Ligand SMILES: [Zn+2]
């Protein structure tokens with residue numbers, strides 16, 4: 148099978164007990180149709196589907212490596228249900244080695260376009276067809292996992308996040324997050340941007356959903372890839388898709404994050420390390436002009452633990468500087 152249309156997609160196209168690399172074709176109404184690789188491992192017996200996406204942002208490389216490693220090591224004779232991996236969700240951003248779709252197309256951040264617009268620009272149309280494909284393929288018995296990392300300009304602590312959807316799927320998503328195996332559990336705060344992500348809009352349809360972040364810096368740490376593969380297998384074991392021993396479901400504290408952004412442009416200098424404990428108002432770094440003049444002192448918005456740091460030192464107004472995590476009281 149060389150390609151399959153996103154609008155005619157059915158799991159029955161894939162025989163039980165097979166590993167298949169195919170291509171998913173996004174055609175009309177896309178003005179520029181596109182195909183992206185799709186890995187499908189269909190187990191010998193029926194069961195739920197675990198659908199994993201990566202490279203929604205084109206500079207986050209741990210996710211596609213984890214999808215490939217998980218797919219290549221899955222024994223379909225022990226699998227109940229289906230593992231599907233979409234390693235290159237935004238093919239234009241990946242080809243451009245950039246977070247967003249390159250400017251000469253539309254320059255948009257795919258993770259701010261969902262549920263998409265079929266009459267919009269290239270990235271907006273792609274978001275609409277991706278959203279339709281996922282929500283028509285999965286049910287509330289399945290799982291959606293969106294693998295992200297800090298990309299080329301940031302450094303993030305490893306975390307597994309879920310959205311406060313306020314329905315039954317929220318508690319199921321939290322269980323998946325607790326099952327994944329990464330200690331930092333992130334209740335993703337509601338904001339105009341977070342509600343336009345792929346994982347947020349899918350979660351709001353009642354499909355249990357988690358998203359991950361790992362170190363990034365434009366690199367691909369083997370330990371992060373291994374943690375993601377373990378997490379995918381833990382989730383599939385929890386869904387009774389794999390005979391792996393039941394994953395450790397020790398309750399881990401749930402955190403939320405508070406962000407601080409730059410109020411100026413310039414060169415950012417900081418000595419703060421990832422996962423450092425900071426107090427409210429503590430100086431975290433400075434922005435300088437090219438003449439070495441201090442233009443901004445960046446301070447902690449709240450006391451907590453540093454979960455994200457800007458590492459690309461040329462910064463602009465409104466760029467994210469830090470995420471500070473605090474434990475939820477509930
Ligand atoms: Zn991302």
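Residue numbers (my numbering): 148 to 477.
Cβ coordinates follow ideal geometry from the N, Cα and C atoms, glycine included.
Every value quoted in this text rests on a predicted model; they were computed, and no experiment measured them.
Checklist entry - Using DSSP with H/G/I as helix, E/B as strand and the rest coil, what is residue 278? => result helix
Checklist entry - First and last residue of the beta strand (DSSP E) that includes residue 195? => result 192-201
Checklist entry - Per DSSP, what kind of secondary structure is residue 410 in: helix, strand or coil? => result coil
Checklist entry - Under the DSSP definition of a beta bridge, which residues are partnered with residue 395? => result DSSP output for residue 395 lists no bridge partner at all.
Checklist entry - Which first and last residues belong to the alpha helix (DSSP H) in which residue 318 is found? => result 315-327
Checklist entry - If you draw a straight line from the alpha carbon of residue 479 to that of residue 193, how long is it in whole angstroms? => result Residue numbering for the chain in the displayed model covers 148 to 477; residue 479 lies beyond these limits and cannot be assessed.
Checklist entry - Should residue 447 be counted as a contact of ligand 1 given a C-beta to heavy atom distance under 8 Å? => result no
Next on the checklist: For residue 432 and residue 242, what's the separation of their Cα atoms in angstroms?
Outcome noted: 33 Å
Checklist entry - How is the alpha helix (DSSP H) around residue 385 delimited, first residue to last? => result 369-385
Checklist entry - Between residue 473 and residue 292, what straight-line distance do the alpha-carbon atoms span, to the nearest angstrom? => result 24 Å
Checklist entry - Taking buried to mean at least 16 other C-beta atoms within 10 Å of its own C-beta, is residue 154 buried or exposed? => result exposed
Checklist entry - Per DSSP, what kind of secondary structure is residue 248 in: helix, strand or coil? => result coil
Checklist entry - With respect to the alpha helix (DSSP H) encompassing residue 214, which residues constitute its N-terminal and C-terminal limits? => result 209-220
Next on the checklist: Checking 9 Å against the spacing of the C-beta atoms, do residue 475 and residue 402 come in under that value?
Outcome noted: yes
Checklist entry - When the Cα atoms are used, what is the spatial distance from residue 218 to residue 450? => result 41 Å
Next on the checklist: Taking the alpha carbon of residue 179 as the reference point, which residue from 394, 239, 244 and 224 has its own alpha carbon closest?
Outcome noted: 239
Next on the checklist: Any residue with its Cβ nearer than 7 Å to a heavy atom of ligand 1 should be included. What is that list in chain order?
Outcome noted: 203, 204, 207, 258, 295, 296 and 298
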